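Student:
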Amino acid sequence: MDKRDLYDSFGEMEQQMQQMLEKMAQLRADMTTVLEKNAELVIENEHLREHMVEIENELPKKPAGTAPLSKSRQNLEKLYDEGFHVCNQFYGKRRDDDESCVFCLEVIYGDRERS
Numbered sequence: 001m002d003k004r005d006l007y008d009s010f011g012e013m014e015q016q017m018q019q020m021l022e023k024m025a026q027l028r029a030d031m032t033t034v035l036e037k038n039a040e041l042v043i044e045n046e047h048l049r050e051h052m053v054e055i056e057n058e059l060p061k062k063p064a065g066t067a068p069l070s071k072s073r074q075n076l077e078k079l080y081d082e083g084f085h086v087c088n089q090f091y092g093k094r095r096d097d098d099e100s101c102v103f104c105l106e107v108i109y110g111d112r113e114r115s
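Heads up, the sequence shown is in full-length UniProt numbering, so the first residue is 1 and it goes up one at a time.
Below, the structure is given as structure tokens:
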């Protein structure tokens, strides 16, 4: 390998290293954006969970002293107690860890005059 080829090889290697540095800088910027978005979503998720707990506390699970459930609502209550959603949004899907669903509770116990 003569001196000119050696010099050209170093030039090409330097150019490749510069391109790699630019890619690394872009990856770092993208990673920062993703981490920031993730942090925002974690905070929003916590707020939504807190809000759901507030709503669940406002809705009685099984109201006492009210008219008995109709047969169809009793069937929905049974499905719900077995761990399935009965709301429009998630009907038939299994509830994760038997977590309460405000929408399902509204379908079962909400506005008894319609039954």
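By construction, the Cβ of each residue, glycine as well, lies at the ideal position given by its N, Cα and C atoms. On a predicted model such as this, the values are computed, not experimentally measured, just so you know.
Please go through the region 63-96 and give each complete alpha helix (DSSP H) segment of 4 or more residues, from N-terminal end onward.
Tutor: Here the runs fully enclosed are 71-81.
Student: Ends of the alpha helix (DSSP H) at Met1?
Tutor: Premise fails: Met1 is in no alpha helix (DSSP H) and is neither H nor E.
Student: Taking the alpha helix (DSSP H) that Glu99 belongs to, which residues open and close that run?
Tutor: Glu99 -> no alpha helix (DSSP H), and no H or E assigned at all.
Student: Specify the secondary structure class of Asp30 as computed by DSSP and reduced to three states.
Tutor: Helix.
Student: What is the rounded straight-line gap between the Cα of Asp30 and the Cα of Glu44?
Tutor: Taking the straight line from one Cα to the other gives about 21 Å.
Student: Where Glu99 and Tyr109 are concerned, what is the direct C-alpha to C-alpha distance, given to the nearest angstrom?
Tutor: Those two C-alpha atoms are separated by around 17 Å.
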